[in-house]
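Asks: Okay, here's the structure, questions in a sec.
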Amino acid sequence: MKNIAIIGSGSWGVALATHLARTGNKINMWSFSEEEKDLINKEKKCKFLPNVELPENIICFNDFEEVVKDADFILHVTPSKFTREIFKQYKQYVKNKPVIICSKGFEKDSLKTLDEVLEEELPDIRLGVLSGPSHAEEVSVAIPTVLVIASKDEEILKNVQDTFMCPEMRIYTSSDVKGVELGGALKNIIAFCAGVASGIGLGDNTFAALVTRGLGELTRLGVALGGEKDTFYGLSGLGDLIVTCLSEHSRNRKAGKLIGQGKTLEEAKQEVGMVIESIDNIEVAYALGKKHHVYMPIVETVYQVIYEKLDPKVAVHNLMTREKKSE
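If you want it as structure tokens, here you go:
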């Protein structure tokens, strides 16, 4: 049994807590909300996963020190836009404890990946990244799931793999921290595009082309940013891309679908009701592509749809009628 701190009480944080509690670990979770804390502690419920009964060995606090002080390791599971702000509030308690990033995204203003944000705040941090094809709705009810943990620290790889693995969850290890993190962040953009395609009534042929060519784009950018090419054809790249593009569980796909159906960005955000990482990620990926001179026509086109009001059907026409190329 391990003592595990989870920073963040959203759907993914609660799903990971539920999985780890079921396998016998003690979970201390942090929430910014008194209401969410009481719901978890008193009713054993999460508002984002209403049909899940939380195990008794999950306890939620609003105090960082209480959550982190006795932890064997820390799972950081907050929206990427809040990562630096929240980490600043508990980094004094981290000491030598490993921090595992379970969020997927970038810091929008700096264009930094989340491992860069944490290392900037705490240079000696022991760090890992957990990613892969996974929906909170399925992990929380023990549907078989396969993830990858990436770290330069062999002890972190072994401890996370040993702690998470059971018949319902398999964990692979990787030393490519940058690649695993970027695969998880960039796939949200293509999932948003898949939703747009669905929203305007396009079919399987379009979907397959989008996923295939989208994987090429995120791989080119990921390699330019320091990831290894093969990583993007693994669990955190192709695997996560498939599950996020296919599933109605995906808030990124749902947001794109609403845009394709003619909703405004604000209307889509309101209807989804949770943080949509792909919205900020599109802006960051567009800027990074320009900065590193990476050819990304899908990313550039969806950027135009969101930020320059390009009609989604015109966007498809523009992509389909570009200059001839070889694969």
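Position 317, counted from 1, in the sequence shown is what the working numbering calls 307; the numbers after and before it change by one each time, with no gaps. Using N, Cα and C, we set each Cβ at its ideal position, and we do this for glycine too.
(1) Out of 29, 39, 45, state which residue places its alpha-carbon closest to the alpha-carbon of residue 52.
(2) Could you give the DSSP three-state label for residue 200: helix, strand or coil?
(3) Please confirm whether residue 271 and residue 179 have their CB atoms less than 7 Å apart.
(4) Since residue 347 and residue 219 are thought to touch, with beta carbons under 8 Å apart, how far apart are those beta carbons, to the nearest angstrom?
(5) If we count the other Cβ atoms within 10 Å of its Cβ and call it buried at 16 or more, is residue 75 buried or exposed?
(6) Which residue comes first and which comes last in the alpha helix (DSSP H) that contains residue 36?
(7) Which parts of the stretch 106 to 131 are runs of the alpha helix (DSSP H), unbroken and 4 residues or longer, counting only runs that do not cross its ends?
(8) Residues bridged to residue 353 by DSSP?
(9) Can you give the Cα-Cα distance for residue 231 and residue 239, rounded to whole angstroms?
(10) From residue 91 to residue 114, what does the alpha carbon distance come to, in whole angstroms?
(11) Beta-carbon within less than 6 Å of residue 186's beta-carbon, same chain only, minus the 5 sequence neighbours each way: which residues are those?
(12) Please state the DSSP three-state secondary structure of residue 335.
(13) Is there contact between the stretch 32 to 47 and the stretch 90 to 110, where contact requires at least three CB pairs shorter than 8 Å?
(14) Below 8 Å on the Cβ atoms is my contact criterion, and I expect residue 56 with residue 18 to pass it. Report the Cβ-Cβ distance as a whole number of Å.
(15) Buried or exposed for residue 171, going by 16 or more other Cβ atoms inside 10 Å?
(16) Name the two residues that bound the continuous alpha helix (DSSP H) containing residue 235.
(17) What residues in its chain sit with their C-beta under 7 Å from that of residue 229, if we drop five residues either side in the sequence?
(18) In this structure, what does DSSP give as the bridge partners for residue 20?
(19) Where residue 226 and residue 146 are concerned, what is the direct C-alpha to C-alpha distance, given to the nearest angstrom?
(20) Is the distance from the Cβ of residue 149 to the Cβ of residue 61 below 7 Å?
(21) For residue 141, which residues in the same chain have their Cβ closer than 6 Å to its Cβ, ignoring the five residues on either side in sequence?
(22) Our contact map puts residue 108 next to residue 89 with C-beta atoms below 8 Å; I'd like the distance itself, whole angstroms only.
(23) Under a Cβ-count criterion, where at least 16 other Cβ atoms within 10 Å of its own Cβ denotes burial, should residue 136 be classed as buried or exposed?
(24) Out of curiosity, what's the CA-to-CA distance linking residue -3 and residue 269?
(25) Residue 292 lies in the alpha helix (DSSP H); which residues open and close that run?
(26) Under 8 Å by Cβ, that's how I've got residue 325 and residue 207 pegged, so tell me the actual separation to the nearest angstrom.
(27) In whole angstroms, give me the CA-to-CA distance for residue 78 and residue 190.
(28) In the DSSP assignment, what residue or residues form a beta bridge with residue 97?
(29) Measuring only between beta-carbons, confirm whether residue 132 sits less than 7 Å from chain C.
(30) Apart from the five residues just before and just after residue 116, which ones in its own chain have a Cβ nearer than 6 Å to its Cβ?
(31) To the nearest angstrom, how far is it from the Cα of residue 120 to the Cα of residue 69?
(32) Need the endpoints of the beta strand (DSSP E) that residue 42 sits in, please.
(33) So who's on the other strand from residue 89, going by DSSP bridges?
(34) I need the boundaries of the alpha helix (DSSP H) containing residue 172, first residue and last residue.
Replies: The relevant details are as follows:
(1) Here residue 52 refers to the residue found at position 62 of the sequence shown. Nearest C-alpha to residue 52: 29.
(2) Looking up residue 200 in the sequence shown gives position 210. Residue 200: helix per DSSP, three-state reduction.
(3) For the purposes of this step, residue 271 is taken as the residue at position 281 of the sequence shown. For the purposes of this step, residue 179 is taken as the residue at position 189 of the sequence shown. Against a cut-off of 7 Å, the Cβ pair of residue 179 and residue 271 comes out as a contact.
(4) This structure cannot settle anything about residue 347, because the visible part of the chain is limited to -9 through 317.
(5) For the purposes of this step, residue 75 is identified with residue 85 of the sequence shown, where counting begins at 1. Exposed: under 16 other Cβ atoms inside 10 Å.
(6) By 1-based counting over the sequence shown, the position of residue 36 is 46. Run containing residue 36: none; DSSP gives neither H nor E here.
(7) 126 to 129
(8) Missing from the structure shown is residue 353; the chain here goes from -9 to 317 and no further.
(9) By 1-based counting over the sequence shown, the position of residue 231 is 241. By 1-based counting over the sequence shown, the position of residue 239 is 249. Using only the alpha carbons, I get a separation of about 13 Å.
(10) On the sequence shown, residue 91 is found 101 positions in, with the first residue counted as 1. On the sequence shown, residue 114 is found 124 positions in, with the first residue counted as 1. Their Cα atoms are separated by approximately 15 Å.
(11) Here residue 186 corresponds to residue number 196 of the sequence shown, with the count starting at 1. Taken in chain order, the residues that qualify are 246, 249, 250, 302.
(12) Since the first residue of the chain shown is -9 and the last is 317, residue 335 is not available in this structure.
(13) no
(14) For this step, residue 56 is matched to residue 66 along the sequence shown. For this step, residue 18 is matched to residue 28 along the sequence shown. About 7 Å separates the two Cβ atoms, so the contact holds.
(15) Residue 171 sits at position 181 when you count from the first residue of the sequence shown. Buried, since its Cβ has 16 or more Cβ neighbours within 10 Å.
(16) As a position in the sequence shown, residue 235 is number 245, starting the count at 1. That run of the alpha helix (DSSP H) goes 230 to 236.
(17) Here residue 229 corresponds to residue number 239 of the sequence shown, with the count starting at 1. Hits under 7 Å: 122, 123.
(18) By one-based count along the sequence shown, residue 20 stands at place 30. Residue 20 is bridged to -3, 51.
(19) By one-based count along the sequence shown, residue 226 stands at place 236. By one-based count along the sequence shown, residue 146 stands at place 156. So the two alpha carbons sit approximately 18 Å from each other.
(20) Along the sequence shown, one-based indexing puts residue 149 at 159. Along the sequence shown, one-based indexing puts residue 61 at 71. Contact flag unset, no.
(21) Start at 1 with the first residue of the sequence shown, and residue 141 comes out as number 151. Within the same chain, residue 141 has close Cβ partners 118, 147.
(22) Numbered from its first residue, the sequence shown carries residue 108 at position 118. Numbered from its first residue, the sequence shown carries residue 89 at position 99. Confirmed, Cβ separation roughly 6 Å.
(23) In the sequence shown, the residue the question calls residue 136 occupies position 146. Label assigned to residue 136: exposed.
(24) Taking the sequence shown and counting its residues from 1, one reaches residue -3 at position 7. Taking the sequence shown and counting its residues from 1, one reaches residue 269 at position 279. Approximately 23 Å between the Cα atoms of the pair.
(25) Here residue 292 corresponds to residue number 302 of the sequence shown, with the count starting at 1. Taken as a continuous stretch (DSSP letters only), the alpha helix (DSSP H) holding residue 292 covers 287 to 297.
(26) With the chain running from -9 to 317 in the structure shown, residue 325 is simply not present.
(27) Here residue 78 refers to the residue found at position 88 when the sequence shown is read from its first residue. Here residue 190 refers to the residue found at position 200 when the sequence shown is read from its first residue. So the alpha carbons of these two residues sit roughly 42 Å apart.
(28) For this step, residue 97 is matched to residue 107 along the sequence shown. In DSSP, residue 97 forms a bridge with 102.
(29) Looking for chain C here will not work: only one protein chain is present.
(30) Locating residue 116 in the sequence shown gives position 126, counting from the first residue. Only 88, 143 meet the Cβ criterion.
(31) Start at 1 with the first residue of the sequence shown, and residue 120 comes out as number 130. Start at 1 with the first residue of the sequence shown, and residue 69 comes out as number 79. When rounded, the distance between both Cα atoms is 15 Å.
(32) Your numbering for residue 42 matches position 52 in the sequence shown. Where residue 42 is concerned, there is no enclosing beta strand (DSSP E), given that its DSSP letter is neither H nor E.
(33) Looking up residue 89 in the sequence shown gives position 99. Note: residue 89 sits in a beta bridge opposite 64, 117.
(34) As a working mapping, residue 172 is identified with position 182 in the sequence shown. That run of the alpha helix (DSSP H) goes 167 to 189.
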